[in-house]
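2 protein chains.
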Amino acid sequence: MTLREKAINKIITQEMIKLSKIEKRNPEELRKKIAEGKIAVPRNRKRKTKICGIGEGLRTKVNANIGTSPLASNLKIEIKKLETAIRAGTDTIMDLSCGGNVDKIRKELISRCPIPFGTVPIYQAAQETTKKGKKITEIPVELFFEVIEKQAEDGVDFMTIHCGVTRHVLEKLASKKRITGIVSRGGAIMASWMKQNKKENPFFENYDRLLKITKKYDLTLSLGDGLRPGCLADATDPGQIEELKTLGKLCKKAWSEGIQVIIEGPGHVPIDQIKKNVELEKKYTNGAPFYCLGPLVTDIAPGYDHITSAIGAALAASYGVDFICYVTPAEHLKLPSINDVKEGVIASRIAGHAADIAKRVPFALEWDKKMARARKNLSWKDQMRLAIDPEKAKLLHSLSQGTNGEECSMCGEFCAMKVKI
Amino acid sequence: MTLREKAINKIITQEMIKLSKIEKRNPEELRKKIAEGKIAVPRNRKRKTKICGIGEGLRTKVNANIGTSPLASNLKIEIKKLETAIRAGTDTIMDLSCGGNVDKIRKELISRCPIPFGTVPIYQAAQETTKKGKKITEIPVELFFEVIEKQAEDGVDFMTIHCGVTRHVLEKLASKKRITGIVSRGGAIMASWMKQNKKENPFFENYDRLLKITKKYDLTLSLGDGLRPGCLADATDPGQIEELKTLGKLCKKAWSEGIQVIIEGPGHVPIDQIKKNVELEKKYTNGAPFYCLGPLVTDIAPGYDHITSAIGAALAASYGVDFICYVTPAEHLKLPSINDVKEGVIASRIAGHAADIAKRVPFALEWDKKMARARKNLSWKDQMRLAIDPEKAKLLHSLSQGTNGEECSMCGEFCAMKVKI
C-alpha cells in the first residue's frame, strides 16, 4: 500500500507519528488530511528521507532548486549548493540538472541528501536527446517514461511532470496574447514537442502509465504548471487557469490511485491577484498542497528576485500556499552561485515564517517572542542564537564599531532598550 | 501663505504644476488633495528642493535614514551614504545624526541634497545635553525649540516630532504589558523626560509654539510614532492606537493652521494586522499621508531586515501607505554601512513599485511590461537598462559562464524564451 492508501484505510503509520511530533499536531488529524489529499509527505519507497509534511495547517515548507545547465556544469559546485541549501534550512531539494553527466550528478546529490529530493525528468529526456544531435521535438515517448523510472529507481521522492499542457489548454493559451509566452522550461519543451509532432501531451495521454510508475515507488507527483505567467501582464490569464483546472482533474485521478499530489503554481503575479490565485488553486484541486515559485510581484528587479519573490511568497503563503520554491538573486541572469542558493533559501524561509504567523501555525510566533525578549535584554548571545542566519547576524554585528558590549553602533547611548523610563 | 493655504485658497502653484507633470495627474486634482491634507509636498521656504508629493494616488515614496551615532561618527561616510541613497533612487533623506558635530554634519549634507531633507530635532537636543555631562531627562524645554528653529533655518524640509507621546497615551501603553516597551529613540527620550520631570510632553503642551515655527518655514510636520511596536507581539496594542488617535487630533490642528502633515507608523506588525493598521491610520487622521517604517513582518531575521520590511512595506503600501521609510540589512545590529544604505533603498523601492501596481498608480505597470518585452526578445541591453539596479544586474549577468550572448547560464539551449513553439 502507498502512504495515501494507508491513510485512507485509517492506518496511522510511523511517518504520521513522526510528522505529528515535528508539527505538534495530532496524528489522527494528519492521517485524515493525508487521506483527503490536503497534506503530502514526499518519500520514495527506495530511500529513507527525513519526514517532511507539506499542506494545510503545517509549517510552510521551502524548496531549493539546484543542478547543472548545459552552460554551467560542475558537480563539486552542485554538491556545495546542496550542502549550503540544507545548512540554510531548506526543507526539500530539487535537482534540475540538464548539463553534464546527469545520472552521475543525481546519484551523487541524492546520496548526500537527507531531505526529500525532487526532479523534473523531462529535462534529462531533453538533454539525452540533444546530446545525440537531435532536437527536443524528437524526444521519443518511450524515453520520457524510461527517465522517470530510472530516476525513481535512484530514490527520487517527488517529480514535477508537466501533464497539464494539453492541446485544449494550449488553445486556451492562444486565446489571449501573452508578452512572454511560455516561460516554464518543461512547459516550453512539451508545447514545442506537441506542436511539431501534432500529438497530445504524452504524459496526459499515457497518464495511467505515469501513475503506475509513481505508485510502484510511492512517489509524490508534483503536477507542473507549464503555463505559469512569466511577467505580471500575463498573470491569471485563460491559459494559466485552464491548465490549473486540468491539473485539478489529474490530481483527482492520481488520488483515486492512492498517489500523493502537489500542484505547482506561479510565477509572476501582481500583489492584488495573489489571493485569487490561491483561492482558485484550492477550489479547482479540492485543497491539494499548493507549491508556488514566488510569486514575483514585479518584473523590474533582476538581481533582487529573492526579494520580489519573498514578498509574493509571504503573501501567498499567508493565504494558503503550503510550499515555496525559492528564487535566488541570480534569477533571470545566470545559474545561481553557492551564495545565491543561501540567499534564496533564507529569503524564502523568512517569507514562510512570516506567513506562518499570519496563518496561525502553532508556535510560529514563539520564535519571534524569544527574539523580542533577547532584544529587550540586550542579550546579543541570544539574539545571534535565535537569528534565522546566525552567521550573517554575527558578521554584521561584529562590524558595530566601538560598542561596549551592550548597545550597538546604531544608537549608542541613546539605545531605546537602555533608556530608563 | 503656506503651500497648504494656497491650495485651500484654490491657487495652483508652480509646485503643483511640477508635481502634476511628474505624477501624470491633473494639477487641480493635486491642489484639492493638498487642501484636504491627503497629499503633502515637503519643502522649506528657505531652500529649493526637488518637488516630491507624498500621498493618496501618487507613486509610493521612499525615505533613506542616514546620519551619525555617538559610536560611529564620520562625515565623509555620511556624505557617501547620502550620494549612494540618491543614486539608488530614494525620494527623500532623513539625517538622524546624534554623534559628532551635528550642526556641521547637517549643513554639509543638506548642501549636497537636491531632494527633501528631514530630521528628528529631539536627537540633537539630547546629544547637546549629554555632551555637557547631563542626562537626557535634563534637556531644557527651551533647547527643544531652539534646535527646531536652528534646523529649520538650515533648510530642513520636514521634521519628525514625537508630539503624541502624552501622559494619557503613556497610561494607555501601561495598560498592556509589552515585551520590548518603547523602541522609538525619540519616543523613549520623551517618555523618560516626562516621567522624570513629572511633566507633560513639551511638544504637546506647547504645540502652538511648534506650529508657529513650522509655519514660518512652511515645514511639513511628520508626527512621530513614539510608541510604535518593537516586536510582533506588541503590535496594534492600546498604547500604539491611542497615540495614533492623538496624532489624528494634532494633525487636524496643524491643518487648521495651514501646515502640511505626515503621520508616522509602525514598526513590527504581523502580515494579518497590516491592513487594519493602514485602515486605522486613514480613519483617525482623515486620510493624512501615512509614513511607515517597514513594517517588519517577523522579528527573527537580523541581517535581512531589508527583506522582512520589504514584505511588510509592499503589503502596507498596497493597502494605502504612501511613504516607506527604508530598513537596511544592518537594522538591529549596527549603524548601516554605505552598501547597507543601497540595499535598503532598493528593497524599499521594489516594495513601493510592487504596491503601486496593485493600487493602480498610473503607468506603474508599464515599466514591468517593458522589462517583459526585453526578456522575451532576449535583449540584455534593454534588460540591464530597465533594471531597478542596472549595476547589480550587469555584475550578476557578467558572471553567466559561457553564454553565446543570447541565453544565460540558467537554462542554456533549453531557454524557454528560445524554444520554438
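Sequences listed follow chains A and B, in order.
According to our numbering, the first sequence is numbered sequentially starting from 288.
According to our numbering, the second sequence is numbered sequentially starting from 288.
Yeah, the Cβ is synthetic: ideal placement off N, Cα and C, and Gly gets one too.
Asked, Found
"Alanine 327/B beta carbon less than 8 Å from that of valine 548/B", "yes"
"Contacts that valine 470/A makes with chain B (C-beta to C-beta distance below 8 Å)", "Ala703, Met704"
"With 16 other Cβ atoms within 10 Å as the buried cut-off, status of glutamate 310/A", "buried"
"Three CB pairs or more closer than 8 Å across the stretch 612-622 of chain A and the stretch 657-667 of chain A", "no"
"Cβ-based neighbour list, valine 470/B, same chain, cut-off 6 Å, excluding 5 preceding and 5 following", "Gly517"
"Counted within 10 angstroms of its Cβ, other Cβ atoms place proline 489/A as buried (16 or more) or exposed", "buried"
"Span of the alpha helix (DSSP H) around serine 605/B", "592-606"
"Euclidean distance between Cα positions of valine 713/A and alanine 634/B", "Past the boundaries of the shown model lies residue 713/A; chain A is included only from 288 to 708, so the question cannot be answered."
"Proximity test, Cβ basis, 8 Å: arginine 454/A and chain B", "no"
"Boundaries of the alpha helix (DSSP H) in which lysine 348/B is found, first to last residue", "No alpha helix (DSSP H) holds lysine 348/B; the beta strand (DSSP E) holding it covers 348-353."
"Any C-beta of chain B under 8 Å from that of threonine 417/A", "yes"
"Residue-level contact to chain A via CB, glutamate 487/B, 8 Å cutoff", "no"
"Between the CA atoms of isoleucine 708/B and leucine 497/A - distance to the nearest angstrom", "24 Å"
"Proximal residues of chain A, C-beta to C-beta of isoleucine 341/B below 9 Å", "In chain order: nothing, as chain A lies at least about 20 Å away."
"For tryptophan 542/A and glycine 712/A, believed in contact at Cβ under 8 Å, the rounded distance", "Nothing can be reported for residue 712/A, as the shown portion of chain A is limited to 288 through 708."
"Extent of the continuous beta strand (DSSP E) run through glutamine 527/A", "Element bounds for glutamine 527/A: not the beta strand (DSSP E) but the alpha helix (DSSP H), 525-543."
"Length of the line joining the Cα atoms of alanine 461/B and proline 525/B", "9 Å"
"Supposed close pair alanine 601/B, alanine 651/B - CB separation, criterion 8 Å", "Incorrect: roughly 13 Å between the Cβ atoms, too far for contact."
"Simplified DSSP state of histidine 455/A, which is helix, strand or coil", "helix"
"Alpha-carbon spacing of glutamine 237/B relative to cysteine 695/B, whole angstroms", "No answer is possible for residue 237/B: the residues shown for chain B start at 288 and end at 708."
"Contact with chain A by isoleucine 611/B, beta-carbon distance below 8 Å", "no"
"Contacts that methionine 658/A makes with chain B (C-beta to C-beta distance below 7 Å)", "Asp586, Ile587"
"Chain-ordered neighbours of proline 427/A on chain B, where CB pairs are closer than 9 Å", "Result: empty, since nearest Cβ-Cβ is about 18 Å, beyond 9 Å."
"Where glutamine 688/A sits in the DSSP three-state scheme", "coil"
"Glutamate 257/B, DSSP secondary structure in three states", "Nothing can be reported for residue 257/B: it is not among the residues displayed for chain B, which extend from 288 to 708."
"CB contact below 8 Å: arginine 662/A versus chain B", "yes"
"DSSP-derived helix/strand/coil call for alanine 375/A", "coil"
"Against chain B: residues of the stretch 518-536 of chain A by CB proximity under 9 Å", "Cys518, Leu519, Ala520, Asp521"
"Straight-line gap, leucine 583/A to glycine 552/B (C-alpha atoms, nearest Å)", "26 Å"
"Supposed close pair glycine 590/B, alanine 674/A - CB separation, criterion 8 Å", "7 Å"
"Where serine 509/A sits in the DSSP three-state scheme", "strand"
"Chain-ordered residues of the stretch 676-703 of chain A with a beta carbon less than 7 Å from chain B", "Asp676, Lys679, Ala680, Leu683, His684, Leu686, Ser687, Gln688, Gly689, Thr690, Cys695, Ser696, Met697, Cys698, Gly699, Glu700, Phe701, Ala703"
"Limits of the beta strand (DSSP E) - the one that glutamate 551/B falls within", "547-552"
"Residues that threonine 595/A contacts on chain B, provided the C-beta gap is smaller than 8 Å", "Ile637, Ala641"
"Straight-line Cα distance separating threonine 379/B from methionine 303/A", "54 Å"
"Within chain B, partners of cysteine 385/A - CB distance below 7 Å", "Phe701"
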